[in-house]
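**Student:** Let me give you the structure first, and then I'll get to my questions.
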Amino acid sequence: MKLSKYYLIARNTWDETLVYRLNFVMWRVRVILGILTMYFLWLALLPPGQNILGYTRELMLTYILGTSLINSIVISSRTYEVGDHINSGNLSNFLIRPINYFGYWFARDLGDKAMNIVFSASELTILFFILKPPLFIQSDISLIMLTLVSCAFALVLYFIINFLLGSIGFWSPEVWAPRFIFITVLTFFSGGLFPLDILPKPIFSALSLLPFTYLLFFPLKIYLGQLATYEIIRGILISSVWIVILSQVLRFVWQRGLRVYTAYGR
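Heads up, the sequence shown is in my numbering, so the first residue is 453 and it goes up one at a time.
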């Protein structure tokens with residue numbers, strides 16, 4: 453019964469997205485334009501037969517197009533509304549209901565991600581047949597499975613980070629400015645613009661200790677087969693540690709936030 457309840461929440465999120473069709477279409481157009489911009493940029497920078505710091509044209513274009521697909525799995529989220537729920541007082545409606553608030557938003561996230569995955573995969577398939585890009589296709593099933601595992605860890609990690617950002621609403625009505633800054637920083641530090649390991653080694657080593665690296669860059673590196681077994685294990689362990697640490701921080705922040713919550717606006 454519990455699972456069916458959260459399934460309905462995820463399904464409603466899917467239906468809700470399709471209600472505002474024009475917004476949805478413009479959003480997908482923006483995503484496609486972003487993909488094409490990065491694709492043609494790296495296509496021009498990497499002539500056939502040449503490479504930049506170990507990345508051939510084939511590997512780099514696979515990385516760039518792969519970020520779009522993994523973005524739809526990991527980065528897409530509906531928890532940006534948490535801060536608004538707190539500021540408007542709508543949180544009160546959930547505190548008195550027999551439903552886990554975190555579970556509610558996780559189900560919403562899954563519904564949103566399902567929609568993103570379907571359309572992102574469709575768009576990339578169409579672009580593949582139109583552009584016919586030279587891509588690297590991973591044939592090792594174990595690496596593909598490890599990529600999916602790392603994506604699952606990244607999904608949970610991003611959910612927790614996003615919820616922490618939403619919790620700012622307990623103390624400030626301004627929740628969009630911090631989120632905007634975060635998304636800007638995240639795009640760079642997660643490897644959404646380029647592979648992080650083309651940066652100087654000291655900088656990359658420092659970034660590899662942060663949680664952002666394991667949202668996009670790490671799963672793609674596994675898929676490309678550029679990590680040794682011990683590096684994959686190390687990366688999964690680091691992302692696991694961050695999940696534990698940040699979930700405890702979220703629990704602490706949420707409990708403190710509920711103490712000062714006044715249901716302002718209700």
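Just so you know, even glycine gets a beta-carbon here, dropped at the ideal spot from N, CA and C. Nothing here was measured: the structure is a model prediction, and the numbers come from that model.
What did DSSP end up calling Y459 once you bin it into helix, strand or coil?
**Tutor:** helix
**Student:** Span of the alpha helix (DSSP H) holding F646?
**Tutor:** F646 -> no alpha helix (DSSP H), and no H or E assigned at all.
**Student:** Just to confirm, is the Cβ distance from L667 to S642 under 7 angstroms?
**Tutor:** yes
**Student:** With a threshold of 16 other CB atoms inside 10 Å of the CB of V496, please say whether the residue is buried or exposed.
**Tutor:** Looking at the sequence itself, residue 496 is Ala, so the reference to Val does not match. Under this definition A496 is an exposed residue.
**Student:** Assign N503 to one of three DSSP states: helix, strand, or coil.
**Tutor:** Assignment of N503 by DSSP, reduced to helix, strand and coil, places it in the strand class.
**Student:** Which class does M453 belong to by DSSP, given the choice of helix, strand or coil?
**Tutor:** The predicted model places M453 with a pLDDT of 47, which falls under 50 and marks its position as unreliable; any figure quoted below should be read in that light. Three-state DSSP puts M453 in coil, outside helix and strand.
**Student:** Using the Cα positions of F558 and F611, report the straight-line distance between them to the nearest angstrom.
**Tutor:** 7 angstroms
**Student:** Kindly confirm or deny that the region 467 to 482 and the region 579 to 586 touch, where touching means at least three C-beta pairs closer than 8 angstroms.
**Tutor:** no
**Student:** Could you give the DSSP three-state label for T508: helix, strand or coil?
**Tutor:** strand
**Student:** Would you mind working out which of S456, P652, D561, L648 sits nearest S524, comparing C-alpha positions?
**Tutor:** D561
**Student:** Helix or strand or just coil, what does DSSP make of R733?
**Tutor:** Any answer about residue 733 is impossible in this case: the structure gives the chain only from 453 up to 718.
**Student:** Decide yes or no for the touch test of the region 492 to 510 against the region 589 to 606: beta carbon pairs closer than 8 angstroms, at least 3 of them.
**Tutor:** no
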